[in-house]
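K.L.:
Following full-length UniProt numbering, the numbering of the sequence shown begins with 1 at its first residue and continues without gaps.
Before anything else, here's the structure in question.
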Amino acid sequence: MDEQIRQIAERLRGLRDAMELSTAEVAADCGINQAEYERAESGEHDISVSMLQQIARHYGIALDALMFGEEPKMSTYFLTRAGHGVSVERTKVYKYQALAAGFRNRKADPFIVTVEPGDRPMHYNTHDGQEFNLVIEGRLLLSIGGKELTLNPGDSIYFDSRLPHGMKALDGQTVRFLAIIL
1 MDEQIRQIAE RLRGLRDAME LSTAEVAADC GINQAEYERA ESGEHDISVS
51 MLQQIARHYG IALDALMFGE EPKMSTYFLT RAGHGVSVER TKVYKYQALA
101 AGFRNRKADP FIVTVEPGDR PMHYNTHDGQ EFNLVIEGRL LLSIGGKELT
151 LNPGDSIYFD SRLPHGMKAL DGQTVRFLAI IL
């Protein structure tokens, strides 16, 4: 995990340097708190997919370029076999598996997200757009704008991702769900 985060941080710094921008300018351009952006660029802290997506969209680059260091190449279709999505382990709690990493000009970013159980406090994110989640296995506690909802296998939710949202695995069991970020 640490090496992946460091590599992403290097790509963020490289993008900023290439555009000759300060951290304050990137943060302001993308609607991100400057201190939060600087923590991400340091490579010592978790970097949310939503933050990377905001930066990628604002500067017109592929999310994959920031996450994986590669530009997507496919424009007709992109097949991801079961268990073979491009993986990003953001923390020991969250693991993301990108399902459309090789498709150019995507309108949405689908992931299989794995949430490990634990006693950690819920971490909240906000980002422009909308999000769809479908629970595949386990039970998920999802908080959206201060309202807590329990999702069981087969349950889905579509929400405004500008609202603070966070998740936690329930019952001491791992949760897996499909997340589509629009």
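The beta-carbon is built from N, C-alpha and C at its ideal position, and this holds for glycine as well.
Keep in mind it's a predicted model, so treat the numbers as computed, not measured.
1) Roughly how many angstroms lie between the CA atoms of Gly69 and Ser48, to the nearest whole one?
2) Does the beta-carbon of Thr174 have 16 or more other beta-carbons within 10 angstroms, so that it is buried, or is it exposed?
3) Alpha carbon to alpha carbon, what distance is there between Ile61 and Asp46?
4) Using C-beta distances below 7 Å, list every residue in its chain close to Tyr158, excluding the 5 sequence neighbours before and after it, in chain order.
5) Classify Ala82 as helix, strand or coil using the three-state DSSP reduction.
6) Excluding the five sequence neighbours on either side, which residues of its own chain have a C-beta within less than 7 Å of the C-beta of Ala40, listed in chain order?
7) Starting from His165, trace the beta strand (DSSP E) both ways and give me its first and last residue.
8) Is residue 267 near Asp109, with beta carbons less than 8 Å apart?
9) Got a sec? Which residues, its chain only, sit under 7 Å from Leu63 by beta carbon, not counting five neighbours each side?
10) In the DSSP output, what is Arg176 paired with across the bridge?
11) In whole angstroms, what separates the C-alpha of Phe78 from that of Arg120?
P.N.:
Quick answer:
1) 16 Å
2) exposed
3) 21 Å
4) Residues of the same chain with a CB within less than 7 Å of the CB of Tyr158, apart from the 5 flanking positions on each side, are Gln130 and Phe132 in chain order.
5) coil
6) Ala9, Leu12, Ile47 and Met51
7) His165 to Ala169
8) Summary: the structure shown does not reach residue 267, with the chain confined to residues 1 through 182, and so no result is reported for it.
9) Leu52, Gln53, Ala56 and Asp109
10) Thr114 and Glu137
11) 36 Å
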